[in-house]
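**Q** My questions will all concern the structure given below.
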Amino acid sequence: MRGSFTDPEATAGHRRARRTAGAVASAALLLPLLGAAPSNSTAQASSADLQRAFADASAEYHVPLSVLLGVSYLQSRWDAHAGAPSASGGYGPMHLTDARTAIAKAPHHSEGTEDARGDSSRPPLLPTTQVPQNSQLPDRLKTLPKAARLTGLPEERLRTDAAANVAGGAALLAAAQQDLGEPLSDDAADWYGAVARFSGADDTATAATYANDVYGVIRDGEERTTDAGQEVALAARPGLRPDTAQLRRAGLRTVSAANTECPTSVSCEWIPAPYTEFGAGDYGNHDLGDRPTSQSIKYIVIHDTEGTWDGSLKLVQDPTYVSWNYTLRSTDGHIAQHVKAKDVAWHAGNWYINAKSIGLEHEGFLASPDAWYTEEMYRASARLVTYLAEKYRVPLDRQHILGHDNVPGPTTSTIPGMHTDPGPYWDWQHYFTLLGHPFPRATTTKTSGGLVTVLPDFAQNQPRYTGCVTSGETCAAHGSSEVRLYSRPDETSPLIKDIGLRPNGNDSTIDVNDVGSRVSTGQRYAVADRDGDWTAIWYLGQKAWFKNPQSRPTAVNATGQVVTPKAGVTQIPVYGRAYPEAAAYPAGVPVQAVSPLPYKIPAGQKYAVGDKVPGEYFYAPTFDTAPHKVVIGKDMYYEIQFGHRVAFVRAADVNLTRSHA
22 MRGSFTDPEA TAGHRRARRT AGAVASAALL LPLLGAAPSN STAQASSADL QRAFADASAE
82 YHVPLSVLLG VSYLQSRWDA HAGAPSASGG YGPMHLTDAR TAIAKAPHHS EGTEDARGDS
142 SRPPLLPTTQ VPQNSQLPDR LKTLPKAARL TGLPEERLRT DAAANVAGGA ALLAAAQQDL
202 GEPLSDDAAD WYGAVARFSG ADDTATAATY ANDVYGVIRD GEERTTDAGQ EVALAARPGL
262 RPDTAQLRRA GLRTVSAANT ECPTSVSCEW IPAPYTEFGA GDYGNHDLGD RPTSQSIKYI
322 VIHDTEGTWD GSLKLVQDPT YVSWNYTLRS TDGHIAQHVK AKDVAWHAGN WYINAKSIGL
382 EHEGFLASPD AWYTEEMYRA SARLVTYLAE KYRVPLDRQH ILGHDNVPGP TTSTIPGMHT
442 DPGPYWDWQH YFTLLGHPFP RATTTKTSGG LVTVLPDFAQ NQPRYTGCVT SGETCAAHGS
502 SEVRLYSRPD ETSPLIKDIG LRPNGNDSTI DVNDVGSRVS TGQRYAVADR DGDWTAIWYL
562 GQKAWFKNPQ SRPTAVNATG QVVTPKAGVT QIPVYGRAYP EAAAYPAGVP VQAVSPLPYK
622 IPAGQKYAVG DKVPGEYFYA PTFDTAPHKV VIGKDMYYEI QFGHRVAFVR AADVNLTRSH
682 A
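Laid out in C-alpha cells, this is it:
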C-alpha cells in the first residue's frame with residue numbers, strides 16, 4: 022500500500038465510535054434504496070445544476086458529499102463531455118464504464134501504417150496480428166450497467182444525463198460500502214475501502230494509490246468551471262485521515278513492483294515484452310541496449326493504445342509484434358512496464374527517435390478519437406514522466422515530451438503512414454500543469470513577439486473535425502489542444518499544404534487524423550507576420566495563419582532560440598532523423614543514408630529550436646547483440662519545430678539566434 026497516510030490503526034477505533042446510530046440504521050435502508058429508482062429529487066435533478074445533483078445523490082444514497090465530489094474529480098474533473106465516452110468507454114462525471122457500447126459504436130480503422138521500428142537496416146515489421154476483441158470485459162469496464170440495475174435508471178440516461186450519472190456513481194459507492202460490511206457513515210474518513218473498490222482495480226497497490234489520490238483531492242479542496250459551464254466546488258478538509266485499514270478486507274490481489282522502473286507514487290507491475298527469435302532468423306519485439314551509458318535518452322513519447330488494456334497487453338507480449346516501455350490503464354491509472362529504459366522499444370515509427378526515447382501507451386480507443394482521458398490516468402502518467410525526465414535529464418517541454426503525432430517520418434516514403442495519436446483531444450496544457458511545468462500565460466498585451474507558444478483554452482477551443490466515426494462525418498463538439506492553420510488571415514482560405522502527406526499538392530483537410538495544417542498546445546513557432554486578430558508563423562516552409570485575438574488568445578508571446586538559413590543560400594534541406602556523416606561509420610556497420618525529406622526552409626524563415634545533437638545511429642539489426650554499435654558523428658543537428666511534427670536541420674546550414682518577446 023502506498024501513500025502519505027500514516028498510523029491508520031491509531032485512529033480507527035475513534036472513528037468507529039463517532040459513527041452515529043443514524044448512519045448504522047441507514048445501512049439497513051440501503052438494500053431497498055438500491056433496488057428501486059431514486060426519488061424525484063435525484064431523478065429529476067437538472068444537469069444544468071451539477072453541484073445540486075451531487076448534493077441530491079449524496080443525500081439519496083447516504084454517501085458523504087466530499088467523497089462523491091472527490092471520486093468524480095479523480096474520474097473526470099466533474100466534466101460531462103456531452104455524453105461522449107472516455108478513452109476506456111466511461112461516461113459522465115462519475116466515469117461510469119460501458120466499454121461494450123463504446124466499442125460497438127467505434128469504427129474499425131487504423132490511423133497509420135508505419136513500421137513501428139522505423140529502421141531501414143532490416144525489413145519493415147508489418148505483422149498481421151490484429152488487436153484482440155475482448156469477448157469478456159472485466160468488471161471495471163462495465164460499471165454503468167451495474168449502476169442502471171442499482172438505480173433503476175435507463176442506461177442511456179446514465180450515459181447522457183450528468184445528474185443521473187452522479188446518482189449512478191453514488192449508488193455504486195454505497196453498494197461497495199455495503200459489500201465491505203461497513204455502515205453508511207456520514208464521516209468521509211470511513212469510506213476509504215469503498216473508494217478503493219470504486220476504482221475497479223483488482224490489486225491493493227492500485228486501489229490504494231487511487232484512494233489516496235481521492236482523499237488528497239478532498240483534503241486540498243477543488244473548484245472549477247466544468248466543460249458545460251457549471252461551477253462546482255469541494256471545500257478543503259486538510260485534517261482528514263481515512264481508515265486505510267479497510268483495504269485489507271477488500272479481497273484484492275497483491276502486485277509486486279519488483280523489476281519496475283517507476284516512482285513510488287504510482288502502482289506499477291512488470292509484464293515483460295519478449296526478446297525472442299522466431300521464423301527464419303527474425304526476432305522481436307525490441308532491442309537490447311545500454312542506455313543512457315551507450316546513448317542518451319532525449320525524448321518521452323505519448324501514445325494511446327487503440328484498444329483495451331487487456332488487448333494491448335496481449336500485443337506487447339507477442340514476439341512478432343511491436344513494443345513500448347509502459348502501458349497505463351485508464352480507469353485507475355495502473356501502470357505495467359514491459360521494456361527496460363536501457364533497451365530500445367519499437368513504438369514511434371522512427372528508429373532515431375526510438376533509440377533515444379521511452380514510449381508510454383495510454384489505454385484508449387483512437388478509433389473513436391473524440392474520446393477523453395481520465396484524470397487518474399493523466400496523474401499517473403505525469404508522475405511517471407516526471408520521474409523518468411528527472412532520471413534521464415529529459416527537458417519537460419514540447420520539444421522533448423512528444424506525442425506520437427509529433428514524431429517525424431524518417432524518410433519521404435514513410436511520412437503518409439506515420440501515426441497521429443494521442444490526437445487533438447489530449448489535454449497538453451493540463452498535462453504539463455500536472456508535470457509541474459505549466460505553460461506560461463500571457464504577461465503582456467504586446468503583439469510584437471518573435472516567438473509564440475500555442476496555448477488555446479482547451480474546453481473553449483472546439484475546432485470542427487471530421488472522420489471520428491465515418492469518413493467525412495462531423496465529429497461531436499469537443500475541447501481540443503490544437504489550432505487550425507490557414508494560407509491567409511481568413512477562415513475561408515485554403516488550409517496549409519503538406520507536400521509530405523500529399524505530394525500531389527492537394528490541400529490539407531479537417532479530418533481528425535490529418536496533422537498537415539494544425540499546431541498543438543505548448544509548441545513554439547517563430548512569428549512570420551501579424552494582421553489584426555491573426556498571427557502568422559513559419560510552418561513547413563510556408564507562412565501559416567491562425568486566429569489569435571487579444572481578447573481570447575490561442576497563443577502567447579515567448580522567448581527562445583531560433584535557426585534561420587545561413588546567408589547566401591536560397592533554401593536548406595530538412596531531415597526526419599539526425600544520422601551521422603558517412604565517415605563516422607566503422608567497418609562492419611553499413612552507412613545509413615542522410616536522406617532529406619521533401620520539405621525545404623527558404624532563406625529568411627525562422628524555426629524554434631529544441632536541442633542541438635550530434636548525428637547518431639544505433640546499429641542493431643540482429644538478435645545477437647555482439648555486432649551492435651552506436652555510431653556518433655561530428656556533424657551536428659538542431660531539432661526544430663517544423664510543422665505539427667518536429668524535424669532536424671544540419672547546424673552547418675543555419676545560424677542560431679535568440680528571439681525575444
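Numbering of the sequence shown is given in my numbering, commencing with residue 22 and proceeding in unit increments. Positions of the beta carbon are idealized from the N, C-alpha and C atoms, including for glycine.
Going residue by residue through the region 194-235, where are the continuous alpha helix (DSSP H) segments of at least 4 residues, counting only ones entirely within it?
**A** As far as the region 194-235 is concerned, its whole alpha helix (DSSP H) runs of at least 4 residues are 213-219.
**Q** With 8 Å set as the bound, which would you pick, yes or no: does the beta-carbon of residue 454 sit closer than that to a beta-carbon of chain D?
**A** Within the model displayed, chain D is absent; a lone protein chain is all it includes.
**Q** Taking DSSP's pairing of strands, which residues face residue 621 in a bridge?
**A** Looking at the DSSP assignment, residue 621 forms a beta bridge with 594.
**Q** Within the same chain, show all residues whose beta-carbon is closer than 6 Å to that of residue 676, passing over the 5 residues directly before and after it, in chain order.
**A** Excluding residues within five positions, the ones whose Cβ falls inside 6 Å are 585, 587.
**Q** On a CA-only basis, which of 623, 123, 273, 441 is nearest residue 561? Give me that one, please.
**A** Comparing Cα positions, the closest option is 623.
**Q** Measuring only the C-alpha atoms, how far is residue 666 from residue 320?
**A** Taking the straight line from one Cα to the other gives about 13 Å.
**Q** Using the three-state DSSP reduction, which class does residue 239 fall into: helix, strand or coil?
**A** Residue 239 falls in the helix class under three-state DSSP.
**Q** Please classify residue 99: does DSSP put it in a helix, a strand, or coil?
**A** Residue 99: coil per DSSP, three-state reduction.
**Q** Per the contact definition of three or more C-beta pairs closer than 8 Å, is the region 240-260 in contact with the region 323-339?
**A** With the cut-off at 8 Å, the region 323-339 and the region 240-260 do not touch.
**Q** So, residue 628 versus residue 592, is the Cβ gap smaller than 8 Å?
**A** Going by C-beta atoms, residue 628 is not nearer than 8 Å to residue 592.
**Q** Would you call the CB atoms of residue 139 and residue 617 closer than 8 Å?
**A** No, the pair does not count as a contact, with Cβ atoms beyond the cut-off.
**Q** Whether or not the region 180-190 and the region 203-212 are in contact is what I'm after, with contact meaning three or more pairs of Cβ atoms, one per stretch, closer than 8 Å; do they touch?
**A** Contact fails: fewer than three Cβ-Cβ distances are below 8 Å.
**Q** Quick one: what does DSSP say residue 658 is sitting in, helix, strand or coil?
**A** Note: residue 658 maps to strand in three-state DSSP.
**Q** Indicate the three-state DSSP secondary structure (helix, strand or coil) for residue 670 in the structure shown.
**A** Note: residue 670 maps to strand in three-state DSSP.
**Q** Span of the alpha helix (DSSP H) holding residue 337?
**A** Per DSSP, residue 337 belongs to the alpha helix (DSSP H) from 330-337.
**Q** Looking only at its own chain, which residues have a Cβ that is under 6 Å from the Cβ of residue 94, when we skip the five neighbours before and after it?
**A** Result list for residue 94: 238, 243, in chain order.
**Q** Which of the three DSSP states is assigned to residue 636 in this structure?
**A** Of the three classes helix, strand and coil, the one that applies to residue 636 here is strand, per DSSP.
**Q** Is it true that the region 300-312 meets the region 641-651, where meeting means three or more beta-carbon pairs spaced less than 8 Å apart?
**A** Enough Cβ pairs lie closer than 8 Å, so yes.
**Q** In its own chain, which residues sit with a C-beta less than 8 Å from the C-beta of residue 625, not counting the 5 before and 5 after it?
**A** Same-chain partners within the cutoff: 585, 586.
**Q** Quick check on DSSP: helix, strand or coil for residue 546?
**A** Residue 546: strand per DSSP, three-state reduction.
**Q** Have a look at 159, 190, 161 and flag the residue whose alpha-carbon is nearest the alpha-carbon of residue 173.
**A** Residue 173 has its Cα closest to that of 190, out of 159, 190, 161.
**Q** Could you tell me the alpha carbon to alpha carbon distance between residue 59 and residue 282, rounded to whole angstroms?
**A** Here the model assigns residue 59 a pLDDT of 46, short of 50, so the residue's position is not dependable, and the following value carries that caveat. Rounded to whole angstroms, residue 59 to residue 282 spans 46 Å at the Cα level.
**Q** Would residue 351 and residue 97 be called neighbours here (beta carbons separated by less than 8 Å)?
**A** For residue 351 and residue 97, no; Cβs fall outside 8 Å.
**Q** Quick one: using the 10 Å Cβ neighbour count with 16 as the cut-off for buried, is residue 79 buried or exposed?
**A** Its Cβ being crowded by 16 or more others within 10 Å, residue 79 is buried.
**Q** When the Cα of residue 539 is compared with those of 510, 553, 504, 521, which residue comes out closest?
**A** Looking at the Cα atoms, 504 is the closest of the given residues.
**Q** Pull up the CB-CB distance for residue 273 and residue 228, whole angstroms please, since I reckon it's below 8 Å.
**A** Indeed they touch by this definition, with Cβ atoms about 6 Å apart.
**Q** Which partner residues of residue 323 appear in the DSSP bridge assignment?
**A** Paired residue(s): 381, 424.
**Q** Just verifying my parser: in three-state terms, what is the DSSP assignment at residue 374?
**A** Residue 374 falls in the helix class under three-state DSSP.
**Q** Are the CB atoms of residue 419 and residue 473 nearer to each other than 8 Å?
**A** Cβ distance not < 8 Å, so residue 419 and residue 473 don't count as in contact.
**Q** Looking only at its chain, what residues have a beta carbon closer than 6 Å to the beta carbon of residue 435, apart from the 5 residues adjacent to it on each side?
**A** Once the five neighbours on either side are set aside, residue 435 has no close Cβ partner at all.
**Q** Give the DSSP-derived three-state secondary structure of residue 273 in the structure shown.
**A** It is coil, neither helix nor strand.
**Q** Note down the Cα distance separating residue 664 from residue 621, rounded to an integer number of angstroms.
**A** Those two C-alpha atoms are separated by around 12 Å.
**Q** Do you know offhand how far residue 481's Cα is from residue 171's?
**A** The straight-line gap from Cα to Cα measures roughly 35 Å.
**Q** Check residue 395 in the structure and name its three-state DSSP category.
**A** Three-state result, residue 395: coil.
**Q** Spatial neighbours of residue 286 within its chain, please: CB distance less than 6 Å, with the 5 preceding and 5 following residues excluded, ordered by chain position.
**A** Cβ within range, chain order: 404.
**Q** CA-CA distance, residue 483 and residue 113?
**A** Their Cα atoms are separated by approximately 19 Å.
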